[in-house]
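Q: Numbering (the numbering used here), first residue to last: 3 to 131. Think of the CB as a built atom: it goes at the ideal place given N, C-alpha and C, for glycine as much as any other residue. I'd like to ask you about the structure that follows.
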């Protein structure tokens, strides 16, 4: 249990650091609060990551940030934090389909999710071409 709590805390710190890198002009204290607010909203309301990003954008715009740059940077943050999920989906699906990983070789359960994760991620490391 202590390991799980520690890993969750590291995940939260990682998100705050990522947020502060993307929104580099935000003051550190305010940026950390916005990032933690996004995490809290995502845990409390089941809207997926998009709802959390919307809360962060709303807070930034309320504090005087211009909507255009906030939208662009919010999209970058969302894609950056979603990339690991898409890469994992692509690698697991393709690994099952090629029988590198043990499991069903059914294309509907392996190739389709793997290809969809591959096509939606910008990670050329797992998808040649």
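1) Hey, would you say residue 74 sits closer than 8 angstroms to residue 57, going by beta carbons?
2) So is residue 116 buried or exposed if we call it buried at 16+ other beta carbons inside 10 Å?
3) So what's residue 34 in DSSP terms, helix, strand or just coil?
4) Where does residue 69 fall in DSSP's three states?
5) On the criterion of 16 or more Cβ atoms from any shown chain inside 10 Å, does residue 6 qualify as buried, or is it exposed?
6) Please check the pair residue 82 and residue 20, which I expect to be a contact at CB under 8 angstroms, by giving their CB distance rounded to whole angstroms.
7) Is residue 95 closer than 8 angstroms to residue 112 when the C-beta atoms are compared?
A: Inspection of the coordinates gives the following:
1) no
2) buried
3) The DSSP-derived three-state label of residue 34 is helix.
4) helix
5) Looking at its Cβ environment, which holds fewer than 16 other Cβ atoms inside 10 Å, residue 6 is exposed.
6) 6 angstroms
7) yes
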